[in-house]
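Heads up: the protein sequence lines correspond to chains S and L, in order.
Following my numbering, the numbering of the first sequence begins with 57 at its first residue and continues without gaps.
Following my numbering, the numbering of the second sequence begins with 335 at its first residue and continues without gaps.
For every residue, glycine included, the Cβ atom is placed at its ideal position computed from N, Cα and C.
First comes the structure, then the notes that go with it.
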Amino acid sequence: MKTWHLVSLFAALLSVLLPDLAAASADAVATTLEAAPKPSRLDYPVIAGISGRTLAWSMAQMHLFLAAFVLAVPLFAIATEFMSVVTGDDRFDNMAREFMKITMAAYSLTALVGGGLLLVLLVFYPHLMGYMIKVFRGQVLIYALLFGLESITLYIYFYSWDALRRGNRKYYHMSIGLVLNTVGLTLMFVANAWVSFMMSPTGIAPDGAITGTVWEATRNPLWNPLNLHRFLANIAYGGAIVGGYAAYMFLAEKDPAKKAHYDWMGYTSNFIAILGFIPLPFAGYWLMAEIYAYSQQMGITAMGGILAWLFIIQAVLIGTIMLAANYYLWSGLMRTDRGARYAKYVKYIAVVIVGGFLVWVTPHTLILTTAEIQNLGGTSHKILGPLGIMPAKNTAVNLMLVFTFLSFQMFYRSSRIPVVPWAKSANMVVVALYVVGIANIVAAGIYGYITPTVYKVGASVPQVMTTLSIIIGSVIIDVFMLRGAKSEKVHWGRMTERSQYALFVLPVAFTWLMGLMGYIRSSLRTNWHVYTVMKDNSPENYIPALGDAGNTITGITLAFMAVMVFVFWLSRLGQTKQADPGPDNSGATS
Amino acid sequence: MVMRRYVVFVVALLVWGAFFYVMDKSIMQAQGLPVGADLMPR
């Protein structure tokens with residue numbers, strides 16, 4: 057890359073970041089010291105018996121699903137495009153373009169639902185919106201500006217693909233992609249500031265009077281944990297949705313070459329989804345730790361109160377994601393001729409994944425009748441009860457992640473034969489890393505049972521670091537060990553149709569999971585619009601019952617899936633060309 | 335040759351064991367949780 061390419065890239069980045077930074081730093085303290093509004097029940101409009109909360113909830117969740125998708129895909133599209141430059145393989149470039157094609161179909165829907173959400177909020181929660189706009193002042197306008205910039209860069213990035221495909225022009229194209237992603241991430245960070253401010257407000261007096269700058273309100277305690285969590289979740293989510301698209305196309309196509317392309321796309325998408333997913337529990341753990349640090353009451357509402365049971369459902373959904381992703385990887389072993397030699401290990405990995413899943417879904421206490429409690433001798437089962445506490449869950453999830461990575465590693469190795477003379481010794485080092493690492497994870501879990509809570513929580517960090525050490529250590533050793541390795545042919549397209557349904561499971565489970573966790577996060581504010589500052593006095597100022605919430609979340613998930621099927625269908629329709637009937641059958645009349 | 339592989343394995347077990355021990359201990363201490371040689375609270 058030439059120097060002036062770098063300069064143009066840097067200038068593009070600055071042009072995006074400067075206005076936001078300048079506005080945030082130069083923002084003077086607000087002059088008004090007016091307390092937050094205290095709307096009465098009559099201040100919340102009732103329109104045709106419509107539940108304002110359910111409508112706002114549905115619109116916000118749908119907007120978030122679409123936004124997460126359209127923000128994430130350009131991130132890995134540019135990474136894939138970069139791969140095409142590094143490797144000189146046009147297949148990467150074609151795949152990146154196809155990723156973007158799906159995004160384009162979903163982008164206008166994102167804007168449409170976002171506009172709808174804004175209207176719903178203004179109609180049903182005018183006082184809250186008025187207060188939020190007062191707190192964030194010019195940032196709201198910056199958001200609108202960024203949204204415009206996002207639209208422009210997205211369209212230029214996609215439509216200039218073929219015009220800026222070769223040579224130096226490719227770097228211009230990637231610079232546009234970089235600007236697009238910078239704008240997209242900034243948009244997400246701004247929106248995150250608003251929702252995290254509602255949970256952990258800063259820059260205001262206890263009565264809600266605005267005393268600080270916009271930056272102080274933005275940089276509230278939960279902002280960065282939420283930023284990280286959503287960033288990783290978006291990558292995983294985007295990967296899962298695109299994987300669903302690839303599976304749809306794989307099943308629909310009859311041409312073996314196209315089937316091979318979509319099989320490769322499905323594998324890459326699954327890889328991206330799992331790449332984003334592996335660190336996600338740790339980001340979630342950080343977010344929850346910060347919630348506890350900010351307000352113990354809020355933390356206990358989440359994990360010890362009414363919402364605690366939902367974490368069991370969360371475990372079921374995450375377990376489903378793990379099983380589906382692993383099943384897809386195991387099926388992929390048949391793509392290579394050497395894959396069969398790894399098949400014998402699959403059953404052991406399956407035992408760990410299923411075992412971890414069962415431990416994770418085991419509750420500590422059960423909802424029981426008096427007679428059942430008497431028969432059981434308490435609310436906690438004698439043998440299974442201990443599996444309900446965090447050391448067991450942490451151990452289970454870390455082992456599941458380690459073994460999911462092992463599934464990846466097996467597929468990666470199945471198409472490569474190392475040629476370095478020290479390969480067998482290096483393999484032993486990797487095996488030892490797994491053995492000691494797994495022992496360390498299990499030991500830290502057992503340690504959690506025999507120590508006070510503070511040590512128990514503290515011991516989860518070494519478990520996380522052990523998992524990451526195993527993954528990073530194995531990757532480093534594999535990179536050196538497989539340098540110059542003899543490549544075996546990968547028969548892309550040699551996959552069962554059944555395996556593609558695992559790729560459908562991923563986006564459905566991810567969508568459901570995001571809806572569920574969104575409900576939990578939002579419910580933590582209980583009867584407050586802005587926690588401890590501005591009370592919600594609407595008729596629906598309570599945490600929705602679990603059954604009602606489940607129905608609403610499922611409804612939104614189904615609606616989103618219907619939207620996605622429409623988007624996939626649109627993308628396929630765009631590729632369909634009517635056969636030329638020829639001059640004799642043109643149907644023209646004289 | 336086979337013997338050498340197992341020697342490497344045993345040495346690797348010891349090295350990784352030391353690595354994780356140091357890592358665990360430093361992480362716990364960084365969190366303000368002093369631990370003894372057996373990783374039990376003092």
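Cutoff 8 Å: residue i Cβ touching any chain S Cβ
| i | result |
| --- | --- |
| M337 (chain L) | no |
| V413 (chain L) | Since the displayed chain L opens at 335 and closes at 376, residue 413 (chain L) lies outside it and no answer follows. |
| M357 (chain L) | yes |
| M362 (chain L) | yes |
| F354 (chain L) | yes |
Residues that residue i bridges to, as DSSP identifies them
| i | result |
| --- | --- |
| K542 (chain S) | S:I473 |
| W584 (chain S) | S:K591 |
| T392 (chain S) | S:V546 |
| I260 (chain S) | S:I266 |
Inter-residue CB distance, residue i and residue j (contact presumed, cutoff 8 Å)
| i | j | result |
| --- | --- | --- |
| S436 (chain S) | L385 (chain S) | Not quite, the Cβ-Cβ distance comes to about 36 Å (not below 8 Å), so this is no contact. |
| Y199 (chain S) | V246 (chain S) | 5 Å |
| N276 (chain S) | P257 (chain S) | 6 Å |
| G493 (chain S) | F354 (chain L) | 7 Å |
| L489 (chain S) | I526 (chain S) | 6 Å |
| L443 (chain S) | V415 (chain S) | 5 Å |
Contact with chain L by residue i, beta-carbon distance below 8 Å
| i | result |
| --- | --- |
| M344 (chain S) | no |
| L629 (chain S) | no |
| G501 (chain S) | no |
| S81 (chain S) | Since pLDDT at S81 (chain S) reaches only 47, below the 50 mark, its modelled position is unreliable, and the value read off the structure follows with that caveat. With 8 Å as the cut-off, S81 (chain S) does not count as an interface residue toward chain L. |
| T522 (chain S) | yes |
| K480 (chain S) | yes |
| A488 (chain S) | yes |
| Y511 (chain S) | yes |
| P518 (chain S) | yes |
| M484 (chain S) | yes |
| V491 (chain S) | yes |
| G661 (chain S) | No information on residue 661 (chain S) is available, as it lies outside the stretch 57 to 646 that chain S covers here. |
| N450 (chain S) | no |
| N237 (chain S) | no |
| N454 (chain S) | no |
| N496 (chain S) | yes |
Which listed residue (the options) has its alpha carbon closest to that of residue i
| i | options | result |
| --- | --- | --- |
| A448 (chain S) | S:G504, S:K400 and S:R222 | S:G504 |
| F536 (chain S) | S:V476, S:K512, S:I576 and S:S555 | S:V476 |
| A124 (chain S) | S:G295, S:T274 and S:F622 | S:G295 |
| T28 (chain S) | S:T166, S:H183, S:M551 and S:G611 | The requested residue 28 (chain S) does not occur in the structure, where chain S is confined to residues 57 to 646. |
| G412 (chain S) | S:Y383, S:A371 and S:I473 | S:A371 |
| F109 (chain S) | S:Y163, S:V179, S:V298 and S:A313 | At residue 109 (chain S) the sequence reads Arg, which differs from the Phe that was named. Measuring from the Cα of R109 (chain S), the nearest candidate turns out to be S:V179. |
| T509 (chain S) | S:I445, S:L432, S:A161 and S:V142 | S:I445 |
| N607 (chain S) | S:W113, S:T460, S:G223 and S:D592 | S:W113 |
| K94 (chain S) | S:I473, S:I208 and S:V586 | S:V586 |
| R397 (chain S) | S:H119, S:L524, S:L89 and S:S471 | S:S471 |
| Y215 (chain S) | S:V251, S:M573 and S:R153 | S:R153 |
| S516 (chain S) | S:V498, S:S530, S:I528 and S:G529 | S:V498 |
| P182 (chain S) | S:V102, S:G501 and S:I347 | S:V102 |
| H46 (chain S) | S:G433, S:F467, S:N326 and S:F624 | Residue numbering for chain S in the displayed model covers 57 to 646; residue 46 (chain S) lies beyond these limits and cannot be assessed. |
| M354 (chain S) | S:A104, S:R469 and S:L278 | S:L278 |
| M188 (chain S) | S:L424, S:A91 and S:G144 | S:A91 |
| F357 (chain L) | S:Q519, S:G549, S:M359 and S:V589 | The residue you asked about is not Phe; residue 357 (chain L) is Met in the sequence shown. The shortest Cα separation from M357 (chain L) among S:Q519, S:G549, S:M359 and S:V589 belongs to S:Q519. |
| M573 (chain S) | S:L120, S:A104 and S:S96 | S:L120 |
| G501 (chain S) | S:N454, S:I473 and S:M344 | S:N454 |
| T460 (chain S) | S:Y383, S:A482, S:T426 and S:A427 | S:Y383 |
Check: residue i C-beta below 7 Å from any heavy atom of the ligand COA
| i | result |
| --- | --- |
| L489 (chain S) | By its list of ligands, the structure shown contains no ligand whatsoever, and the ligand COA lies outside what it can speak to. |
Min CB distance residue i to chain C below 8 Å
| i | result |
| --- | --- |
| A104 (chain S) | Absent from the structure is chain C; the protein chains it does hold are S and L. |
Practice prompt. May I ask you to verify whether the region 416 to 425 of chain S touches the region 572 to 586 of chain S, counting CB pairs closer than 8 Å and requiring at least 3?
Written response: No contact exists between the region 416 to 425 of chain S and the region 572 to 586 of chain S.
Item to complete: Count the CB pairs spanning the region 266 to 284 of chain S and the region 186 to 196 of chain S that are closer than 8 Å, and state whether there are at least three.
Response: Contact holds: three or more Cβ-Cβ distances are below 8 Å.
Discussion item. Taking 8 Å as the cut-off, does the region 282 to 297 of chain S touch the region 236 to 254 of chain S (at least 3 CB pairs, one atom from each stretch)?
Written reply: Yes: the two stretches touch, three or more of their Cβ pairs being nearer than 8 Å.
Worksheet item: Quick one: any contact between the region 523 to 537 of chain S and the region 546 to 561 of chain S, if contact means 3 or more CB pairs under 8 Å?
Response: They do not touch, by the three-pair rule.
Worksheet entry | Meets three-Cβ-pair contact criterion under 8 Å: the region 224 to 238 of chain S and the region 125 to 135 of chain S | yes
Worksheet entry | Cβ contact (3+ pairs, closer than 8 Å) linking the region 303 to 310 of chain S and the region 318 to 332 of chain S | These segments touch.
Discussion item. With three or more C-beta pairs closer than 8 Å as the rule, is the region 174 to 185 of chain S touching the region 220 to 231 of chain S?
Written reply: no
Discussion item. Quick check: the region 341 to 349 of chain L against the region 326 to 344 of chain S, are at least 3 beta-carbon pairs closer than 8 Å?
Written reply: no
Practice prompt. Could you tell me whether the region 564 to 581 of chain S touches the region 398 to 408 of chain S, using the rule of 3 or more Cβ pairs below 8 Å?
Written response: no
Discussion item. Quick test of the definition: if touching needs 3 or more C-beta pairs under 8 Å, does the region 158 to 169 of chain S touch the region 619 to 639 of chain S?
Written reply: yes
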